[in-house]
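Student:
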Amino acid sequence: MKSKSSSQPIETATKADIRQALWRSIQLVMESAPKELWQIAIFNLIRGVGPSAALYFSKVVIDQTASLAGTAANKPLDWTIVGQYPQLLTAIGALIGTNLFIESVSSIDTQMFAALRDRVQGTIEGKVISKIANFNDIALFEQPELLNIVQLTTKGIQRMQRLAFIFAGSFMGIFTLIPAVILAAGIALWVPLMLLGFAIPSVVIDLRYWRKSWRVEESQAALSREKEIYAKLLKEENYAKEMRLFSLQHVILDRWNEIFDRLFKQMQDIRQEGAIALICLSFLGGIGSSIPYLYVIFGVVTGRFTLGDIALYTGVIIQLKRSVYMLVSNLGDIYDVALATRPVFQLLDLEPTLIDRPDALPLPDRGNGLTIKDLNFSYPGSEKSILNNINFNVKPGEMVVLVGENGAGKTTLGKLLARLYDPSSGNIEWNSVDYKDISLDELRSRIAVVMQDYARFPATVRENVGWGYLPKLKEDNALEQVLKESGINHIIMELEQGLETPLGKQLEKGIDLSGGQWQRIAIARALLRLGTSELVIFDEPTAALDPKNEHEIYEIFRTIARGRMTIVISHRLSLAKIADRIIVLEHGTILEEGNHAELIKHNGRYAEMFMRQANSYIN
2 MKSKSSSQPI ETATKADIRQ ALWRSIQLVM ESAPKELWQI AIFNLIRGVG
52 PSAALYFSKV VIDQTASLAG TAANKPLDWT IVGQYPQLLT AIGALIGTNL
102 FIESVSSIDT QMFAALRDRV QGTIEGKVIS KIANFNDIAL FEQPELLNIV
152 QLTTKGIQRM QRLAFIFAGS FMGIFTLIPA VILAAGIALW VPLMLLGFAI
202 PSVVIDLRYW RKSWRVEESQ AALSREKEIY AKLLKEENYA KEMRLFSLQH
252 VILDRWNEIF DRLFKQMQDI RQEGAIALIC LSFLGGIGSS IPYLYVIFGV
302 VTGRFTLGDI ALYTGVIIQL KRSVYMLVSN LGDIYDVALA TRPVFQLLDL
352 EPTLIDRPDA LPLPDRGNGL TIKDLNFSYP GSEKSILNNI NFNVKPGEMV
402 VLVGENGAGK TTLGKLLARL YDPSSGNIEW NSVDYKDISL DELRSRIAVV
452 MQDYARFPAT VRENVGWGYL PKLKEDNALE QVLKESGINH IIMELEQGLE
502 TPLGKQLEKG IDLSGGQWQR IAIARALLRL GTSELVIFDE PTAALDPKNE
552 HEIYEIFRTI ARGRMTIVIS HRLSLAKIAD RIIVLEHGTI LEEGNHAELI
602 KHNGRYAEMF MRQANSYIN
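For the record, in the sequence shown the residue sitting at position 372 is 373 according to my numbering, with numbers rising by one throughout.
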């Protein structure tokens with residue numbers, strides 16, 4: 002069943018869920034590495050039969066040697082007597098050859114398993130990354146329940162790797178078990194049955210242990226994510242200065258340790274419970290394997306079995322026990338994998354609430370601009386209303402500034418206008434065509450955006466700007482022009498590598514920029530696509546700039562706005578003075594609307610906010 006991005010928190014797995022996850026996991030692993038799995042299957046078939054063959058040849062060698070020892074005692078220097086026992090020579094040659102072959106093929110298992118591991122991880126991780134990257138809306142990054150699923154997919158991918166190894170181990174166990182069962186049945190039919198029977202309780206206990214273990218991991222998803230957040234605070238550069246200046250290291254480290262201890266204790270309780278049960282079962286299994294062993298010894302004493310038989314059957318019993326427990330262990334691991342891979346399929350099955358219609362309509366080149374009608378919005382999975390009954394329009398060539406206190410809904414409205422979400426109700430129309438009816442790629446290609454939390458890509462200057470419009474990535478003149486328009490070209494051109502300068506200290510020889518310089522890079526990225534853009538959205542575009550540089554950016558906005566619909570989201574009301582129209586938002590609703598002069602004259606909330614900011618500059 003497909004899940005929507007407004008899905009509820011992860012629920013406890015049912016047996017049907019586990020079976021489905023297991024089946025899909027097996028299919029995914031087989032699709033990921035069919036060649037490697039076939040190679041390992043053939044490889045393990047050879048390795049599995051080898052030990053039983055070696056045991057049989059050892060029996061022949063021991064029996065023949067015992068017979069030869071009595072004969073050769075009378076002629077200690079007459080080695081020609083060995084030639085009278087061709088079966089012995091053949092068995093010795095076969096035994097040596099089998100052991101050499103097993104040793105030689107075993108030397109390549111590391112490479113084969115590494116290839117299998119890398120292939121499975123790369124393929125499945127690629128699917129997960131592709132799903133996240135191509136998710137139409139941004140709920141995956143803003144909704145805790147979905148963030149938990151993404152968190153658990155990391156463990157799910159690791160379990161997929163284990164499933165590949167389980168396959169390999171199961172092949173080995175099966176191919177070792179079958180010849181061992183055949184040889185063990187030669188002792189007595191009840192021997193393999195007894196060994197298998199004593200293994201059943203281990204299967205039950207293993208399954209119970211993995212089920213409890215995964216329930217704990219599943220419940221710990223949010224806590225594990227919180228632990229990673231604290232680790233990020235301690236390790237990343239963005240927080241390094243303030244962490245030290247405010248002496249926060251011990252506070253954050255104590256929180257990390259506290260969460261780690263809680264997570265570890267919960268898992269350790271489960272491990273200890275499982276360990277006690279497994280010790281008891283191991284003791285029971287030891288009794289089960291001792292009975293056939295004593296039976297063989299008694300058979301040798303009574304003359305029913307030869308000395309070679311005791312060597313053969315002792316080895317067979319040990320081999321059979323190992324292969325049974327290998328399969329039992331793999332069965333427990335398979336159950337663990339099935340539990341842990343459910344989030345991978347939950348993620349792969351997720352469908353965004355924002356759907357790109359296959360029969361999308363083209364966006365008309367001309368029209369009446371943007372019209373927002375009766376728009377309401379709540380974030381997926383939340384009942385809290387962020388925007389209520391929003392109605393306004395933006396005409397071609399008009400600049401509209403959205404202002405309001407923090408939490409008024411300005412940035413959320415900007416996300417809707419950029420179609421990062423769809424409204425909960427109401428609609429947005431562009432040239433009389435509903436946003437939902439327009440191809441997502443075409444719509445976004447006609448929009449240039451600088452968000453409040455703009456990206457600082459760890460890439461070159463060329464890429465940081467050129468990624469705004471890929472067709473111009475290699476056009477130096479176009480890149481230099483937008484850098485000039487955003488007021489940072491003189492700084493970039495003074496750098497030794499110019500446009501090829503790596504930005505970000507995490508890159509080798511990378512440099513970092515100030516907050517204001519990074520913001521100008523983001524503005525340049527938006528400017529690059531103005532040739533195709535008709536709607537420009539700026540979310541707090543001067544937040545990182547001082548008043549002097551702010552004036553320069555205002556002039557850029559005037560150029561940008563000419564002939565385009567421009568929406569500026571800002572709490573800096575000095576910017577609103579240049580707007581054609583100002584919309585004041587409060588608690589998700591439109592409180593006032595008009596130009597600067599009209600709203601000052603109205604002497605309402607805008608006038609109050611403007612005078613408060615103006616006084617702060619004067620004082």
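From the three backbone atoms N, C-alpha and C, an ideal C-beta is built for every residue, glycine too. Since the structure is predicted, the reported quantities are computational estimates derived from the model, not experimental observations.
#1: Any idea what DSSP makes of residue 559, helix, strand or coil?
#2: Check whether the Cβ atoms of residue 528 and residue 483 lie closer than 8 Å to each other.
#3: Buried or exposed for residue 47, please, with buried defined as at least 16 other CB atoms from any protein chain shown within 10 angstroms of its CB.
#4: Whole angstroms is fine: what's the gap from residue 588's alpha carbon to residue 132's?
#5: Comparing alpha-carbon positions, which option in 415, 495 and 349 lies nearest residue 127?
#6: Locate the beta strand (DSSP E) running through residue 493, then write down its first and last residues.
#7: Alpha carbon to alpha carbon, how far is residue 526 from residue 614?
#8: Cutting at 6 Å between CB atoms, please list the residues of its own chain near residue 513, excluding the five before and the five after it.
#9: Express the C-alpha separation of residue 471 and residue 565 in angstroms, rounding to a whole number.
#10: Give me the Cα-Cα distance between residue 93 and residue 180, rounded to the nearest whole angstrom.
#11: By alpha-carbon positions, which one of 510, 518, 572 and 308 ends up nearest to residue 539?
#12: Evaluate contact between the segment 61-68 and the segment 302-317, counting only Cβ atoms and requiring at least three cross-stretch pairs below 8 Å.
#13: So what does DSSP say about residue 458, is it helix, strand or coil?
#14: Keeping to the same chain, check which residues put their C-beta closer than 7 Å to that of residue 388; ignore five residues upstream and five downstream.
#15: Bridge partners for residue 566 per DSSP, in chain order?
#16: Could you tell me whether the segment 416-427 touches the segment 361-369, using the rule of 3 or more Cβ pairs below 8 Å?
#17: Which residues mark the beginning and the end of the beta strand (DSSP E) in which residue 590 is found?
#18: Could you compute how far the alpha carbon of residue 135 sits from the alpha carbon of residue 319?
#19: So, under 8 Å CB-CB, residue 113 and residue 43 are touching, yes? Tell me the CB distance rounded to an integer number of Å.
#20: Tell me which same chain residues have a C-beta within less than 7 Å of the C-beta of residue 421, skipping the five on either side of it?
#21: According to DSSP, which residues form a beta bridge with residue 485?
#22: DSSP on residue 136, reduced to helix/strand/coil?
#23: Between 293, 433 and 580, which has its C-alpha nearest residue 190's C-alpha?
#24: Please classify residue 101 as buried or exposed, where buried requires at least 16 neighbouring CB atoms within 10 angstroms.
#25: I need the straight-line Cα distance from residue 456 to residue 523, nearest angstrom please.
Tutor: So, to answer that:
#1: helix
#2: yes
#3: exposed
#4: 34 Å
#5: 349
#6: Note, residue 493: premise wrong, no beta strand (DSSP E); alpha helix (DSSP H) at 490-495.
#7: 30 Å
#8: 506
#9: 21 Å
#10: 20 Å
#11: 572
#12: yes
#13: coil
#14: 376, 377, 378, 410, 413, 414 and 589
#15: 536
#16: no
#17: 590-595
#18: 53 Å
#19: With a Cβ gap of about 10 Å, residue 113 and residue 43 do not count as contacting.
#20: 138 and 139
#21: According to DSSP, residue 485 bridges with nothing at all.
#22: coil
#23: 293
#24: exposed
#25: 7 Å
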